[in-house]
Amino acid sequence: MSPYLLGIDGGTESLRAAIFDLEGELLASAATAYDTQFPTPGWAEQDPRDWWRALGQSVRTVVDKACVDPARIAAMSVDTTCCSVVALDEQGEPLRP
Numbered sequence: 001m002s003p004y005l006l007g008i009d010g011g012t013e014s015l016r017a018a019i020f021d022l023e024g025e026l027l028a029s030a031a032t033a034y035d036t037q038f039p040t041p042g043w044a045e046q047d048p049r050d051w052w053r054a055l056g057q058s059v060r061t062v063v064d065k066a067c068v069d070p071a072r073i074a075a076m077s078v079d080t081t082c083c084s085v086v087a088l089d090e091q092g093e094p095l096r097p
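Residues 1 to 97 in the UniProt record's numbering are what the sequence shown lists, from first letter to last.
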């Protein structure tokens, strides 16, 4: 049985996941949107917990759509937008939404 590759892209409006075979053929993709807040002119904030929820949803959806056994995913590549900073408290929770 051939292994698969999982690609994850955390963008400015959604988190996308895709599964490929080793030849690079796209088997399935999924995206889960999240909100952006603009609390002050020139600011943009997103809740990192929304990223986490979107990651779980997108990966579950793409695995189901591709009809692959998650154990056969051999490698994963992840990218996100640049300059993303998340300040955490002592419990690892985000200080801002």
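Ideal Cβ positions, reconstructed from N, Cα and C, are used throughout, including at glycine. Fair warning: this is a prediction, and the values are worked out from it, not measured in the lab.
Out of the options, state which residue places its alpha-carbon closest to the alpha-carbon of residue i.
| i | options | result |
| --- | --- | --- |
| A28 | V85, D79, A74, R60 | R60 |
| residue 99 | E23, L6, V63 | Since the first residue of the chain shown is 1 and the last is 97, residue 99 is not available in this structure. |
| L15 | E90, T81, E93 | T81 |
| C83 | P41, A66, Q46 | Q46 |
| V86 | K65, G24, P48 | P48 |
| S2 | A71, T36, R96 | A71 |
| E25 | Y4, D9, G10, G11 | Y4 |
| W44 | D50, D64, T12, W51 | It is worth fixing the name first, because residue 44 is Ala in this sequence and not Trp. When each option's Cα is compared against that of A44, the closest is T12. |
Please look up how many angstroms separate the CB atoms of residue i and residue j, rounded, as I've assumed it's under 8 Å.
| i | j | result |
| --- | --- | --- |
| I19 | A75 | Between A75 and I19 the Cβ distance is about 11 Å, and since that is not below 8 Å, they are no contact. |
Return yes when the Cβ of residue j is within less than 8 Å of the Cβ of residue i, no when it is not.
| i | j | result |
| --- | --- | --- |
| P97 | Q37 | yes |
| D79 | D21 | no |
| Q68 | A17 | The sequence shown places Val at residue 68, not Gln. Against a cut-off of 8 Å, the Cβ pair of A17 and V68 comes out as no contact. |
Does the structure place the stretch 54-71 close enough to the stretch 28-45 that three or more beta carbon pairs sit under 8 Å? They touch, by the three-pair rule.
Hey, which unbroken runs of the beta strand (DSSP E) at 3 residues or more fall wholly within the stretch 12-36? Runs found: 14-20, 26-33.
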